[in-house]
Structures are given as C-alpha cells and as structure tokens.
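*Asks:* Top line first, the protein sequences correspond to chains V and W.
Residue numbering for the first sequence follows my numbering, beginning at 68 and increasing consecutively.
Residue numbering for the second sequence follows my numbering, beginning at 269 and increasing consecutively.
For glycine and all other residues, C-beta sits at the position ideal for the given N, C-alpha and C.
All values derive from a computational prediction rather than experimental measurement.
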Amino acid sequence: MKRAEHEIRSNVGKLLKQKKIDVFIGYEKGTLPLRTSPCFVSSEKEARKLIWNSFCTNNLAVYLPHIMSRVKNKRSTRVGIICKGCDSRSLVELIKEKQLTRDQIYIIGISCSGMVDYKRILSQVNSDEVIGVDETADEITVRSKEGERVFSKEENLCEPCRTCKHAVPTVYDMLIRTAQQPRQATTSDSTVHDFLMKPREERWQILEQELGQCIRCYACRNACPNCYCKECFAEQTKPRWFGVTTDLTDIIFYHTIRIFHQAGRCVDCGACVRACPMNINLRLFTRMLVDEVKERFGYEPGVAPEELQPLATYSAKDKQDFMIEPE
Amino acid sequence: MVKRERLGVILSESRLPELIASLTETYRIFGPSKKDDGESFAAIHKSEELALDYGNTKMSPKGFFFPQTESLMWYDSADKKAKQDKPEVQPTLLFGLRPCDALAISYLDKVFLSNEPQDPYYRQRREATKIVCLACNSPSPTCFCTTVGCGPDSEKGADIMMYKLNDRYLMKALTPGGEEIFTNIDVETEPATSQDIVEKDDLVNKACQMVKRFVDIDEFKEKLNNFQGPWWEKLAQKCLGCGICTYFCPTCHCFDVTDEVVKQSGRRVRTWDSCMYPLFTLHASGHNPRPGIKERMRQRIMHKFNYAVEYYGETFCVGCGRCIIHCPVNIDIRQIIMDIAEER
Ligand code: SF4
Ligand code: SF4
Ligand code: SF4
Ligand code: SF4
Ligand code: SF4
Chain V
68 MKRAEHEIRS
78 NVGKLLKQKK
88 IDVFIGYEKG
98 TLPLRTSPCF
108 VSSEKEARKL
118 IWNSFCTNNL
128 AVYLPHIMSR
138 VKNKRSTRVG
148 IICKGCDSRS
158 LVELIKEKQL
168 TRDQIYIIGI
178 SCSGMVDYKR
188 ILSQVNSDEV
198 IGVDETADEI
208 TVRSKEGERV
218 FSKEENLCEP
228 CRTCKHAVPT
238 VYDMLIRTAQ
248 QPRQATTSDS
258 TVHDFLMKPR
268 EERWQILEQE
278 LGQCIRCYAC
288 RNACPNCYCK
298 ECFAEQTKPR
308 WFGVTTDLTD
318 IIFYHTIRIF
328 HQAGRCVDCG
338 ACVRACPMNI
348 NLRLFTRMLV
358 DEVKERFGYE
368 PGVAPEELQP
378 LATYSAKDKQ
388 DFMIEPE
Chain W
269 MVKRERLGVI
279 LSESRLPELI
289 ASLTETYRIF
299 GPSKKDDGES
309 FAAIHKSEEL
319 ALDYGNTKMS
329 PKGFFFPQTE
339 SLMWYDSADK
349 KAKQDKPEVQ
359 PTLLFGLRPC
369 DALAISYLDK
379 VFLSNEPQDP
389 YYRQRREATK
399 IVCLACNSPS
409 PTCFCTTVGC
419 GPDSEKGADI
429 MMYKLNDRYL
439 MKALTPGGEE
449 IFTNIDVETE
459 PATSQDIVEK
469 DDLVNKACQM
479 VKRFVDIDEF
489 KEKLNNFQGP
499 WWEKLAQKCL
509 GCGICTYFCP
519 TCHCFDVTDE
529 VVKQSGRRVR
539 TWDSCMYPLF
549 TLHASGHNPR
559 PGIKERMRQR
569 IMHKFNYAVE
579 YYGETFCVGC
589 GRCIIHCPVN
599 IDIRQIIMDI
609 AEER
C-alpha cells in the first residue's frame with residue numbers, strides 16, 4: 068500500500084509538472100478514522116497529499132462528466148484520475164456514451180485487491196472510541212481507547228468486491244500494482260438468486276422494508292457515474308413524472324426508474340450503496356439488472372471498450388421473449 | 269408531585285421505572301430506543317425500552333414537528349371544499365433529547381413561530397410537546413457543539429434538564445412547562461445538595477474537554493461577510509450535491525409545497541427541500557440564482573453562519589456532527605470552517 072501510494076504521488080507530481088495533465092482526481096486523508104476523501108490536486112506540491120489504502124472506496128469517475136461539461140477548452144484540458152477496476156469500467160461506459168473522449172483523460176490504474184467496508188467495521192467496534200487504523204496486506208487493525216482489534220479484510224470487504232472479476236482496470240495509461248494480488252473472484256453472487264427463490268409476498272415485504280427507509284436524499288443517484296443527466300427525471304416538472312413525497316409509491320417509483328436507467332450500464336461498483344446513509348441494499352436491484360443483461364445480451368458493462376452497448380445496438384440474435392404480443 | 273427545589277432534585281436511577289410509569293399517565297413518551305441502540309427515537313412505554321446511554325440518534329428529532337412528508341389539505345373542486353388532516357395533539361414528551369437537538373428545536377421555533385403568520389402545522393405539534401433534555405457525559409468525536417455556542421450542558425430549548433451522576437439523575441425544571449411536568453408526576457426524589465452540583469459541574473467540565481474547540485469561530489464569521497470569497501469553488505469541488513447534510517441537520521428547515529392533482533381532486537403536500545438540490549430556487553423562467561454546486565454550498569454555509577445570525581441572532585449549526593458522519597465524500601463542516609477562517 069505504502070509503495071503504491073508513493074508511486075501515485077511521484078507519478079502525479081511528474082504529470083503535473085510536465086503539464087501532461089491540468090488536474091488530478093485522487094484520494095486524500097479523511098477527517099475521520101477509516102475514511103478517505105476525494106481530492107483534486109493541481110500542483111506537484113499538492114500531489115503529496117494523495118494517499119492509497121483500502122478505504123479509497125469512492126468511484127471518482129462520477130466527477131468527470133461534470134468537469135468536462137464545465138471546462139472551456141475541451142481540446143486542451145486533460146484530467147488525470149486514479150481508477151480501481153470498477154472505476155475504470157465506469158470510465159469505459161462514459162466514453163461509450165460520449166461524455167468523455169479517451170484523450171481527455173489520463174488514467175492511473177491500480178490493480179485492486181478489494182476495498183474494505185468501513186461501516187461494517189465500525190458496526191463491530193465502539194465507533195466513538197476509535198483513534199486510528201493501520202493496515203497490512205490482509206488485515207485492518209483498529210486502535211481505540213479500549214485497545215486494538217484486528218479485522219480480516221476478506222471478511223469485511225465491500226459487497227461488490229466479493230464477486231469482482233475485473234479488479235485490474237480495463238483501461239489505463241499507467242498501471243500501478245500493489246503488493247497484493249488483484250482480486251479475482253471465483254464465486255458468483257447468489258443474492259439475486261436467493262431473492263428470486265422467495266415467495267412473492269416475501270419479496271414484496273423485502274422491497275417494502277428496504278425502500279421504506281429511503282429519505283430521498285438522492286445520494287445514490289449523485290454518487291453514480293452513470294447518473295450524469297443534466298436534468299434527472301426525478302426533478303422534471305413539465306410533466307412531473309411522480310410525486311415528491313416519501314410515501315412508498317413515490318419512493319418505489321424513483322428507484323424503479325433510476326435502476327432501469329442503469330440497464331446495460333451499471334458496472335456494479337457499489338457507489339450507490341456506499342453513499343446511502345440509510346444502508347439500503349440497492350445492490351439487490353442493480354445486481355439483478357447486471358445479471359439479466361449478461362444473460363440476455365452477453366454484455367458486461369465496462370469490460371470491453373470496443374463492444375457496443377446492448378441498448379444502443381441491435382442484433383437479430385437478441386432474445387425477444389420479453390415482448391408481449393397482444394392477444 | 270415533585271416539589272420545586274432551588275438546586276433541582278435527585279432521582280435515584282432505580283426509580284427511573286417509576287418516573288416513566290408516572291409520566292406515561294399524562295404524556296406520550298418518545299425516547300432513544302433500545303431496539304436500535306439509540307439510533308432513533310421511538311414510543312416508550314417502560315423504562316427498560318430506553319437506551320439513555322446513547323450517543324445521539326441518526327436522524328435529528330426535527331421530524332416530530334416538521335415531518336418530511338406532510339399533507340396540508342385535501343380538496344375536491346366538485347364540492348369546492350378543502351379538508352385538513354388534523355395533526356395529533358396529544359401531550360407528548362421527548363425524553364432524553366441531547367442538548368444540541370433541544371437547541372436546534374429552539375431555532376426551529378424562531379423560524380416557524382416567531383413571525384406572523386406562524387406555521388399552524390408546526391405550532392400544533394410543538395405546543396403539545398415538552399422536552400426533557402439529557403446532558404452529555406461522553407460526547408462523540410464528531411461533536412463540536414462548544415465551538416458554535418452550544419455545549420454538553422446547554423439548556424436552551426429544554427423544559428427539564430437531566431444530568432446523569434453515577435447512579436442518580438439530577439433534574440431541574442427550567443420552564444413553566446417543566447414545572448408542569450413535575451406537578452403531574454408522582455415519584456420519590458430528594459432535594460439536590462451543593463455537593464451534587466459540584467459533581468455535576470465536574471462531569472460537565474470533563475465532557476467539555478472532550479469536545480475539541482478547534483477554531484476561532486468569529487474569525488470565520490467575519491470572513492463570511494465576503495460573499496464572493498475565493499474559497500467556495502475549491503470547497504465545493506468534491507460535493508455531490510445530495511440531500512444528506514441538510515436532511516440530517518437538526519436546524520435545516522427548507523420545504524417545498526406541491527399540489528398532487530388527479531382530475532378534480534387532490535392534496536397539497538409539504539416535503540423537505542434542500543438548498544443542495546437543483547430545483548431549489550429555480551425560477552419559472554428557467555433562471556437559477558444558484559446554478560451550480562459552488563453557489564449551493566455557499567448558500568448552506570452562509571445561511572447557517574451568516575444569514576441566520578442576521579435574521580435570528582443565532583448560528584444555525586449546533587455542532588451535532590451529523591452532516592460529518594453521513595457525507596458520502598467526507599466533507600467535514602469543521603474543515604470548511606477552518607479552511608475559510610485560515611484563508612488569507
Ligand atoms: S469492485 Fe473490484 S475493482 Fe472495484 S473496488 Fe471492488 S475489487 Fe476493486
Ligand atoms: S441514498 Fe439511500 S436514502 Fe438516499 S435516496 Fe438513495 S436509497 Fe434513498
Ligand atoms: S452530504 Fe456531502 S456530498 Fe452531499 S451535499 Fe452535503 S456536503 Fe455535498
Ligand atoms: S450543520 Fe452539521 S453539525 Fe451543524 S447542526 Fe447541522 S448537521 Fe449538525
Ligand atoms: S437554505 Fe439550506 S442550509 Fe438553509 S435551512 Fe435551507 S436547506 Fe438548510
């Protein structure tokens with residue numbers, strides 16, 4: 068980790084000094100233990116605050132469409148960014164959707180060994196007592212007033228990392244390897260399958276229970292790199308597609324549409340789930356789409372830059388059994 | 269009836285069940301609930317359901333008076349009549365509220381009640397509710413109440429103040445409402461002695477030391493008089509523009525009013541709004557005076573630390589730390605305050 072961090076700093080410093088990039092998006096130390104925070108650096112000196120550890124969870128690709136829509140000189144502005152496997156998959160989709168061009172960005176890819184879910188760890192200690200945290204290749208040590216506790220990374224991974232098959236970035240200009248092996252999941256995720264096996268009433272109950280806690284803060288949408296629309300359907304007023312309240316109908320409408328808008332685009336990075344302050348398991352629903360798209364169209368978002376997006380193309384072989392013929 | 273004593277009364281912890289039982293005869297009680305380790309306030313029927321050793325609740329208590337979704341009225345153009353939902357106006361106690369949240373409610377009172385017209389929906393619920401506040405013996409690392417004019421023993425907004433001294437509670441009625449609670453209950457107490465007050469002051473001092481005062485807030489406020497300050501752009505850079513910091517904040521009070529109409533009938537609803545959202549202050553013309561994240565972040569900070577001071581003479585941040593804990597990109601309002609204060 069320390070070596071990777073050093074490499075990031077020196078390379079970003081060089082890139083900025085040589086004016087190969089104008090700004091770099093990375094992570095800095097958070098203000099709370101077990102947290103990091105996205106940061107924007109634009110000088111060699113500032114590059115020294117960049118860090119790398121197992122809590123660099125935010126998907127930084129979320130900032131790019133916004134930055135690109137604001138820069139005046141699109142041709143000559145170049146943004147550097149650090150990408151884990153999942154973040155790079157987001158970039159691939161953003162490029163396919165023409166929100167960026169490849170030559171506007173300089174990607175420092177990092178072969179990723181999985182990120183640790185800080186909320187999961189905090190739920191196992193008295194979070195008010197935590198003073199600091201250290202990490203080794205496989206373990207996280209949390210120091211608190213009550214003493215030290217060691218957690219296995221493997222057991223405390225963020226959910227999508229458990230089943231991640233593309234932890235090495237799918238696009239990059241420079242690749243940094245950490246001392247650990249990149250994550251290469253062999254198991255697949257059974258959550259969706261388990262969910263679908265449940266009787267309908269129970270499925271509805273789960274849906275009600277999960278989404279019923281939603282406070283409509285839109286953090287899930289705003290943390291998602293795919294949700295770059297200048298005007299989200301949730302905010303349109305002419306017409307207004309659905310109500311503004313926290314009644315269950317309105318909440319379910321919001322989530323159903325948002326999740327459908329991710330079809331064939333969701334890279335399963337888990338940014339929405341991690342942003343949610345109510346810890347709602349949104350991935351249950353997005354994961355279902357990911358599986359469905361893979362099964363129907365053989366497409367995995369973000370993996371192959373040349374491949375066309377399934378909803379932006381047509382093949383005679385596309386399954387059509389979802390179409391319903393009028394009787 | 270609990271007699272009024274100059275220094276307050278002492279209630280042995282073993283009598284807490286009696287206190288709650290006696291209170292439930294007159295009031296509906298909401299308190300930090302054992303069910304989720306004090307993450308939320310829930311209806312309390314017995315003292316065993318209380319988690320009084322909690323830090324603070326996840327969401328602030330503002331929803332008790334100002335719910336996130338509230339039907340203001342129902343109407344039907346056929347009969348040209350509008351009906352109102354009657355908010356529940358049972359006598360209610362918020363029991364064990366933290367001092368920062370009680371202070372925040374006193375600020376909301378100013379917003380919703382200090383000017384004409386008062387907000388009738390807020391008023392009905394507020395008038396039926398009394399607040400029993402519990403001082404903090406062990407503040408959280410994200411608490412910074414002492415920097416913003418609040419503190420672990422802040423009394424403003426409370427009808428009764430409670431301090432936990434080892435296995436006893438020191439209780440003091442601070443308002444006529446608090447006195448009324450005391451006259452309504454029947455539980456054995458003793459008058460507090462000056463020794464108890466020394467013990468209390470000691471605990472309060474310890475608690476205050478645990479809350480770091482990290483900055484000269486006046487210097488920061490002074491800087492804010494520069495609306496065009498160069499810092500906003502940089503501070504807002506990483507913000508996602510979600511509703512978390514404002515929805516979790518106990519003092520944020522912006523709302524939107526919407527008509528939901530189907531054919532001839534409909535309802536008018538009020539819902540929480542946030543200055544971090546793109547629809548906030550969007551004009552019908554399409555113009556928005558706060559078009560981007562920079563202007564929105566500026567509004568949030570300026571409203572709390574500048575405009576509110578001007579309108580109400582109060583800083584609309586009580587230092588509860590909720591926005592710090594839940595921000596998905598770890599934007600820390602303490603850091604914002606420091607960065608602006610230190611900007612040359
Ligand atoms: S999903 Fe894969 S690439 Fe992304 S953080 Fe987890 S292991 Fe790394
Ligand atoms: S982040 Fe969570 S609470 Fe906020 S809108 Fe999304 S699902 Fe709802
Ligand atoms: S919670 Fe954080 S990301 Fe969301 S609007 Fe507030 S400061 Fe921005
Ligand atoms: S601004 Fe943050 S710390 Fe201040 S009262 Fe609001 S939520 Fe609490
Ligand atoms: S304007 Fe923003 S900061 Fe002020 S009360 Fe409204 S939501 Fe809170």
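Quick check on DSSP: helix, strand or coil for residue 497 (chain W)?
*Replies:* coil
*Asks:* Answer yes or no: the CB of residue 514 (chain W) versus the heavy atoms of ligand 5, is any distance below 8 angstroms?
*Replies:* yes
*Asks:* DSSP state of residue 118 (chain V), grouped into three classes?
*Replies:* coil
*Asks:* Is the shortest distance between the beta-carbon of residue 409 (chain W) and the beta-carbons of chain V less than 9 angstroms?
*Replies:* yes
*Asks:* For the region 311–332 of chain V, enumerate the residues whose C-beta is nearer than 9 angstroms to any C-beta of chain W, in chain order.
*Replies:* 311, 312, 313, 314, 317
*Asks:* Say yes only if the C-beta of residue 555 (chain W) is nearer than 8 angstroms to one or more non-hydrogen atoms of ligand 2, and no if none qualify.
*Replies:* no
*Asks:* State the CB to CB distance for the pair residue 427 (chain W) and residue 518 (chain W), rounded to an integer number of angstroms; the pair is presumed to be in contact (CB under 8 angstroms).
*Replies:* No, residue 427 (chain W) and residue 518 (chain W) are not in contact; Cβ-Cβ is about 17 angstroms, not under 8 angstroms.
*Asks:* Does the beta carbon of residue 144 (chain V) sit closer than 9 angstroms to a beta carbon anywhere in chain W?
*Replies:* no
*Asks:* If you follow the beta strand (DSSP E) that residue 349 (chain W) is in, where does it begin and where does it stop?
*Replies:* 349–351
*Asks:* For residue 537 (chain W), which of W:339, W:289, W:317 has the nearest alpha-carbon?
*Replies:* Nearest of W:339, W:289, W:317 to residue 537 (chain W), Cα basis: W:339.
*Asks:* Scan the region 486–567 of chain W and note each continuous beta strand (DSSP E) run of 3 residues or more that stays entirely inside, going in chain order.
*Replies:* 523–530, 533–540
*Asks:* Is the Cβ of residue 75 (chain V) closer than 9 angstroms to any Cβ of chain W?
*Replies:* no
*Asks:* Would you mind listing the beta strand (DSSP E) stretches within the region 358–407 of chain W that are 3+ residues and don't spill past its ends, in chain order?
*Replies:* Here the runs fully enclosed are 360–365, 397–402.
*Asks:* Tell me, which residues are paired with residue 338 (chain W) by DSSP?
*Replies:* W:538
*Asks:* Taking the C-alpha atoms as reference points, what is the distance between residue 495 (chain W) and residue 306 (chain V)?
*Replies:* Going by C-alpha positions, residue 495 (chain W) is about 36 angstroms away from residue 306 (chain V).
*Asks:* Check whether the Cβ atoms of residue 287 (chain W) and residue 275 (chain W) lie closer than 9 angstroms to each other.
*Replies:* no
*Asks:* Determine, using beta carbons only, whether residue 298 (chain V) comes closer than 9 angstroms to chain W.
*Replies:* yes
*Asks:* Using 8 angstroms as the cut-off, classify the Cβ of residue 518 (chain W) as near or not near the heavy atoms of ligand 3, replying yes or no.
*Replies:* no
*Asks:* Report all residues from its chain with a CB closer than 6 angstroms to the CB of residue 382 (chain W); omit the five preceding and five following residues, and keep chain order.
*Replies:* none
*Asks:* What is the rounded straight-line gap between the Cα of residue 360 (chain W) and the Cα of residue 486 (chain W)?
*Replies:* 38 angstroms
*Asks:* Confirm the yes/no value for this check: CB of residue 544 (chain W), any heavy atom of ligand 5, distance under 8 angstroms.
*Replies:* yes
*Asks:* Our contact map puts residue 206 (chain V) next to residue 217 (chain V) with C-beta atoms below 8 angstroms; I'd like the distance itself, whole angstroms only.
*Replies:* 5 angstroms
*Asks:* If you measure from the CB of residue 241 (chain V), is any heavy atom of ligand 3 nearer than 8 angstroms?
*Replies:* no
*Asks:* Measure the CB-CB distance between residue 231 (chain V) and residue 252 (chain V) and report whether it falls below 9 angstroms.
*Replies:* yes
*Asks:* Could you tell me which uninterrupted alpha helix (DSSP H) segments, each at least 4 residues in length, are contained entirely in the region 213–275 of chain V, listed from first to last along the chain?
*Replies:* 226–229, 258–264
*Asks:* So does residue 580 (chain W) have its beta carbon nearer than 8 angstroms to some heavy atom of ligand 2?
*Replies:* No - ligand 2 has no heavy atom lying nearer than 8 angstroms to the Cβ of residue 580 (chain W).
*Asks:* Taking CB distances under 9 angstroms as the criterion, tell me whether residue 537 (chain W) reaches chain V.
*Replies:* yes
*Asks:* How would you call residue 460 (chain W), buried or exposed, if buried means at least 16 neighbouring beta carbons within 10 angstroms?
*Replies:* buried
*Asks:* Buried or exposed for residue 254 (chain V), please, with buried defined as at least 16 other CB atoms from any protein chain shown within 10 angstroms of its CB.
*Replies:* exposed
*Asks:* Taking Cβ-Cβ distances below 7 angstroms as the criterion, which residues of the region 522–546 of chain W are in contact with chain V?
*Replies:* Here the close residues are 524, 526, 528, 537, 539, 546.
*Asks:* Entirely within the region 126–190 of chain V and at least 4 residues each: give me those alpha helix (DSSP H) ranges in chain order.
*Replies:* List check, alpha helix (DSSP H) in window: 131–137, 152–163, 185–189.
*Asks:* For the beta strand (DSSP E) that contains residue 210 (chain V), what are its first and last residues?
*Replies:* Per DSSP, residue 210 (chain V) belongs to the beta strand (DSSP E) from 206–211.
*Asks:* How would you label residue 119 (chain V), buried or exposed, when you count the other beta carbons within 10 angstroms and need 16 or more for buried?
*Replies:* Counting the other CB atoms within 10 Å of its CB gives residue 119 (chain V) a total of 16 or more, which places it among the buried residues.
*Asks:* Are residue 366 (chain W) and residue 588 (chain W) closer than 9 angstroms when you measure CB to CB?
*Replies:* yes
*Asks:* Taking 8 angstroms as the cut-off, is the CB of residue 338 (chain V) close to at least one heavy atom of ligand 2?
*Replies:* no
*Asks:* Taking 9 angstroms as the CB-CB cut-off, is residue 510 (chain W) touching chain V?
*Replies:* It does; some Cβ of chain V falls within 9 angstroms.
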